[in-house]
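Visitor: Quick one: the structure is below, questions incoming.
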Amino acid sequence: MSELSVLDSRDLPELFAALQRHGFRVVGPTVRDGAIVYDELVSAADLPVGWSDEQEAAHYRLKRRDDDAVFAYAVGPHSWKRFLHPSSLTLWRARRTAAGVTIETPAEELPRLALFGVRSCDLHAIAVLDRVLLGGPFVDPYYAERRSRAFIVAVNCGHFSPSTCFCVSMGTGPKATFGFDLALTEVFEPGRHVFVVEVGTDEGAEVLRQVPHRAAEPWERAAADRVVETTAARMGRRLETAGLKEALYANLEHPRWDDVAQRCLTCGNCTMVCPTCFCFTVEDRTDLTGTVTERVRRLDVCFTTEFTYTAGKPLRQSARSRYRQWLTHKLGSWLDQFGVSGCVGCGRCITWCPVGIDITEEAAAIRSASELGERTR
Amino acid sequence: MREPTGAPPPGANPYIPVPFRVSGRRRETADTVTLRLRSPSGDGLPFEPGQFMMLYVFGVGEVPVSASGAPRRAGILEHTVRAVGPVTRRLVALRRGDWVGVRGPFGRGWPLALAEGFDVLIVAGGLGLAPLRSALLQILAQRDRYRQVTVLYGARSPADLLYRLDLSRWQQRPDLELRVTVDRADERWRGQIGVVPALIAQVERHFEPARTVALVCGPEVMMRFTVRELQKRGVPDDLIYLSLERNMKCALGLCGHCQFGPAFICKDGPVMPFSRLAPFSEIREL
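The listed protein sequences derive, respectively, from chains R and C.
Heads up: the first sequence runs through residues 2 to 378, numbered per this note's numbering.
Heads up: the second sequence runs through residues 133 to 418, numbered per this note's numbering.
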């Protein structure tokens with residue numbers, strides 16, 4: 002086990018200052034519009050100190066706490082793809098000249114981002130995006146650039162959403178085990194409020210050196226372990242993944258798809274809040290003179306009919322086929338394509354579905370029907 | 133984990149089209165044109181028959197189009213385009229000298245090496261002849277590597293037939309069996325009337341099913357019936373190759389639009405053996 006340090010909660014602003022001195026723009030959780038979203042943080046004061054949340058299917062409310070807990074909430078509607086795989090991005094700009102057409106990529110230097118407060122499920126989601134966008138045969142250069150420049154401050158989950166989180170069954174949490182520069186565990190007990198810090202990289206160690214800290218005492222290590230152990234033990238919701246891909250492939254004509262299509266609004270909220278949904282479309286935007294045009298990439302939603310528009314018509318017309326595509330891709334074909342599930346158990350799609358469709362419930366319904374089918378066969 | 137790859141070298145950005153110019157244009161039918169594109173630098177984009185390119189019209193957009201020309205001509209591409217949407221309408225309207233951006237080639241092409249020493253049965257419907265023309269041109273350039281070569285081609289009407297000059301040349305070759313049919317004849321049509329899959333029964337003595345590689349491209353319903361006819365005669369599923377069409381925005385396996393079950397048509401296809409498609413072939417709206 003790597004060496005653990007302790008950062009007093011009063012010194013959290015020092016960590017921000019150290020990151021900023023290193024040239025990072027810090028992005029992380031903050032309260033806005035009645036939710037905890039991810040945005041640029043000027044200082045530690047922008048963090049949702051003293052806030053918690055309440056999440057259920059189709060339900061999200063902020064709640065005030067009577068203490069100064071910094072990370073006492075589960076993941077909100079945003080995910081880190083907002084910064085690493087942005088929803089709108091100019092791929093290139095072309096200019097028509099007498100000699101032909103010249104094409105350039107945007108030249109502006111990107112800021113180095115410090116992603117502050119990345120939960121374990123979201124570390125796994127970033128690892129999933131790495132496979133999708135960097136795994137080849139083609140590498141996405143825009144993602145690669147943002148990704149390679151990012152610094153990650155992870156947070157182990159001491160607070161989670163009992164009605165929506167299911168990372169334990171996905172093997173994606175609640176403890177951050179890889180992919181971070183620094184990982185914090187908030188130990189909040191009466192009279193004590195500290196962060197136990199684990200260093201993941203040399204750069205993480207360098208940042209920590211500039212922040213007041215001390216070696217963790219045995220009781221502090223134990224307290225940090227207890228935080229994630231308690232979360233893991235209390236997480237009731239689960240998604241049974243063994244054999245799920247096969248069950249989905251074997252049940253593509255199952256009546257449950259009709260059933261869920263009766264409820265699904267095909268709004269695409271699930272894809273927008275999903276930390277791994279990566280699909281995009283492109284748009285060409287031309288100026289008024291017609292000499293300069295931009296190719297802009299926008300994240301896209303497989304719940305639209307336009308998504309499959311081919312040779313004059315959409316291939317997936319029914320809501321049933323579009324929901325089926327999303328779920329079987331996420332939980333099934335993703336494994337064939339990228340060697341890993343597209344779901345990290347963050348529960349965002351459950352919370353933000355306006356009609357409360359629950360991915361774990363739909364998957365279980367298809368699976369139990371499948372097992373029933375096998376028994377009677 | 134933090135640095136999975138460095139930033140790619142400049143110039144390696146796979147989203148950026150390469151400049152080409154229209155060097156020739158042949159009207160095929162009322163709404164379909166074959167464009168010949170030439171690279172100003174003289175460097176081509178060497179491709180395999182069955183692969184496709186993304187063709188970009190300045191300020192309008194980009195579409196996937198199969199290569200339909202001979203693969204080994206440096207710096208020259210041929211693409212047959214039907215005016216269906218905003219981009220293809222602009223492509224068919226391009227004139228000699230106009231600028232076109234090209235990315236590619238992408239995907240997996242026809243299994244022409246695998247087919248060496250086999251009978252080759254080409255079945256094309258409508259615009260599906262375009263990617264198969266490229267395969268046929270290569271096969272005919274190396275004719276002695278293949279056993280019997282048969283081409284079955286169907287169009288909606290005589291006016292919809294592509295590549296008339298090629299068809300009349302192919303018709304005269306003794307080492308190629310060509311059958312053409314139309315769904316609806318006009319008063320001048322002296323040929324066959326009917327759907328393409330029905331032609332298979334007519335050419336049974338031209339292929340030995342177990343030693344045949346079938347190359348099929350056309351509307352999905354035509355391909356479905358063609359596969360049934362081939363299966364009925366004993367052509368193995370892993371020797372029946374189809375070229376599929378899906379919406380594509382990137383052609384790089386990144387945009388997610390072209391999925392068909394576990395496959396990305398842009399990188400696992402567009403040409404795939406039926407044995408890989410079979411588990412999903414009867415699923416509607418997949």
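Where a beta carbon is used, it is the ideal one built from N, C-alpha and C, also for glycine.
Quick caveat: nothing in here was measured; it's all calculated off a predicted structure.
Within 10 angstroms of the Cβ of Val356/R, are there 16 or more other Cβ atoms? Answer buried if so, exposed if not.
Guide: What you label residue 356/R is simply residue 355 of the first sequence in a count that begins at 1. Looking at its Cβ environment, which holds fewer than 16 other Cβ atoms inside 10 Å, Val356/R is exposed.
Visitor: Need the endpoints of the beta strand (DSSP E) that Phe152/R sits in, please.
Guide: The sequence position of residue 152/R within the first sequence is 151, counting from 1. Here the beta strand (DSSP E) through Phe152/R covers Phe152 to Val156.
Visitor: Report the partner residues of Val150/C according to the DSSP bridge assignment.
Guide: Start at 1 with the first residue of the second sequence, and residue 150/C comes out as number 18. Note: Val150/C sits in a beta bridge opposite Val234/C.
Visitor: Assuming Leu114/R contacts Phe84/R under a Cβ cut-off of 8 Å, what Cβ separation, rounded to an integer in Å, is found between them?
Guide: For this step, residue 114/R is matched to residue 113 along the first sequence. For this step, residue 84/R is matched to residue 83 along the first sequence. So it is a contact: roughly 6 Å between Cβ atoms.
Visitor: Using the beta-carbon of each residue, which ones in chain C are nearer than 8 Å to Ser319/R?
Guide: Position 318 of the first sequence, counted from the start, is the residue given in the question as residue 319/R. Under the 8 Å cutoff, chain C gives Glu417.
Visitor: Residues of the region 278 to 295 of chain R in Cβ contact with chain C at a cutoff of 7 Å, in chain order, please.
Guide: Taking 7 Å as the Cβ-Cβ cut-off against chain C, the residues of the region 278 to 295 of chain R that qualify are Phe279, Cys280, Phe281, Thr282, Val283, Asp285, Thr287, Gly291 and Thr294.
Visitor: List, in order along the chain, the chain R residues whose C-beta lies closer than 9 Å to that of Cys387/C?
Guide: Counting from one through the second sequence, the residue named residue 387/C turns up at place 255. Under the 9 Å cutoff, chain R gives Phe279, Cys280, Phe281, Thr282, Val283, Arg298 and Asp301.
Visitor: Could you run through the region 367 to 394 of chain C and flag, in chain order, every residue whose CB is less than 8 Å away from some CB of chain R?
Guide: The region 367 to 394 of chain C vs chain R, Cβ under 8 Å: Glu377, Arg378, Asn379, Lys381, Cys382, Leu384, Gly385, Leu386, Cys387, Gly388, His389, Gln391, Gly393 and Pro394.
Visitor: Check each residue of the region 319 to 338 of chain R: if its Cβ is closer than 7 Å to any Cβ of chain C, include it; give the result in chain order.
Guide: Listed in sequence order: Ser319, Ser322, His330, Ser334, Asp337 and Gln338.
Visitor: Determine, using beta-carbon pairs with one atom in the region 249 to 256 of chain C and one in the region 338 to 349 of chain C, whether at least three such pairs fall under 8 Å.
Guide: Because the criterion of three Cβ pairs below 8 Å is met, the region 249 to 256 of chain C and the region 338 to 349 of chain C touch.
Visitor: Can you check whether the C-beta of Pro140/C is within less than 7 Å of a C-beta belonging to chain R?
Guide: Residue numbering aside, residue 140/C sits at position 8 when the second sequence is read from its first letter. With a pLDDT of only 36 at Pro140/C, under 50, the local geometry of the prediction cannot be trusted, and the value read off the model is given with reservation. At least one chain R Cβ lies under 7 Å of Pro140/C.
Visitor: Once DSSP output is grouped into helix, strand and coil, what is the label at Glu109/R?
Guide: Looking up residue 109/R in the first sequence gives position 108. Three-state result, Glu109/R: coil.
Visitor: Would you mind listing the beta strand (DSSP E) stretches within the region 270 to 313 of chain C that are 3+ residues and don't spill past its ends, in chain order?
Guide: Whole beta strand (DSSP E) segments, 3+ residues: 281 to 287.
Visitor: Using the beta-carbon count (16 or more within 10 Å), is Pro263/C buried or exposed?
Guide: As a position in the second sequence, residue 263/C is number 131, starting the count at 1. Label assigned to Pro263/C: buried.
Visitor: DSSP beta-bridge partners for Ser375/C?
Guide: Start at 1 with the first residue of the second sequence, and residue 375/C comes out as number 243. According to DSSP, Ser375/C bridges with Val403/C.
Visitor: Look at Val274/R and Trp220/R and say whether their C-beta atoms are less than 7 Å apart.
Guide: In the first sequence, the residue the question calls residue 274/R occupies position 273. In the first sequence, the residue the question calls residue 220/R occupies position 219. No, they are not a contact pair.
Visitor: Would you be able to state if there are at least three C-beta pairs under 8 Å between the region 266 to 274 of chain C and the region 177 to 195 of chain C?
Guide: Touching, yes.
Visitor: Taking only runs that begin and end inside the region 304 to 362 of chain R, name each unbroken alpha helix (DSSP H) of 4 or more residues, in chain order.
Guide: With a minimum length of 4 residues, the continuous alpha helix (DSSP H) runs that stay inside the region 304 to 362 of chain R are 320 to 329, 335 to 339 and 349 to 353.
Visitor: Hey, Cys349/C and Gly217/C: beta-carbon distance below 7 Å or not?
Guide: Sequence index remark: in the second sequence, residue 349/C carries index 217 (1-based). Sequence index remark: in the second sequence, residue 217/C carries index 85 (1-based). The answer is no: Cβ separation not under 7 Å.
Visitor: Starting from the C-beta of Thr212/C, find all residues in its chain whose C-beta is less than 6 Å away, skip the five residues before and the five after it, and write them out in chain order.
Guide: Position 80 of the second sequence, counting from 1, holds the residue named residue 212/C. Around Thr212/C: Thr166, Ser200 and Ala262.
Visitor: Buried or exposed: which applies to Lys364/C, given that a residue is buried once 16 or more other Cβ atoms fall within 10 Å of its Cβ?
Guide: Taking the second sequence and counting its residues from 1, the one referred to as residue 364/C is at position 232. The residue is exposed, with fewer than 16 neighbouring Cβ atoms inside 10 Å.
Visitor: Checking the sheet assignment: what are the DSSP bridge partners for Ile37/R?
Guide: Here residue 37/R refers to the residue found at position 36 of the first sequence. Per DSSP, Val32/R.
Visitor: What does DSSP give as the partner residues of Thr173/R in its beta bridges?
Guide: Sequence index remark: in the first sequence, residue 173/R carries index 172 (1-based). Looking at the DSSP assignment, Thr173/R forms no beta bridge with any residue, so it has no partner.
Visitor: Is DSSP giving Val353/C helix, strand or coil here?
Guide: If you number the second sequence from 1, residue 353/C lands on position 221. It is helical.
Visitor: Residues of chain C with a CB under 7 Å from the CB of Leu16/R: which are they?
Guide: The sequence position of residue 16/R within the first sequence is 15, counting from 1. Here the premise fails: no neighbours, minimum Cβ distance about 18 Å.
Visitor: Quick check on Phe190/C - is its C-beta less than 7 Å from some C-beta in chain R?
Guide: For this step, residue 190/C is matched to residue 58 along the second sequence. Chain R, which has a Cβ nearer than 7 Å to the Cβ of Phe190/C, makes this yes.
Visitor: Taking Cβ positions only, does Ile367/R come closer than 7 Å to chain C?
Guide: The residue you call residue 367/R lines up with position 366 of the first sequence. Closer than 7 Å: no.
Visitor: So what does DSSP say about Pro196/C, is it helix, strand or coil?
Guide: In the second sequence, the residue the question calls residue 196/C occupies position 64. If DSSP states are grouped into helix, strand and coil, Pro196/C belongs with the strands.
Visitor: According to DSSP, simplified to helix, strand and coil, what is Gly321/C?
Guide: Here residue 321/C is taken as the residue at index 189 of the second sequence, counted from 1. The displayed chain sequence assigns Trp, not Gly, to residue 321/C. Coil, per DSSP.
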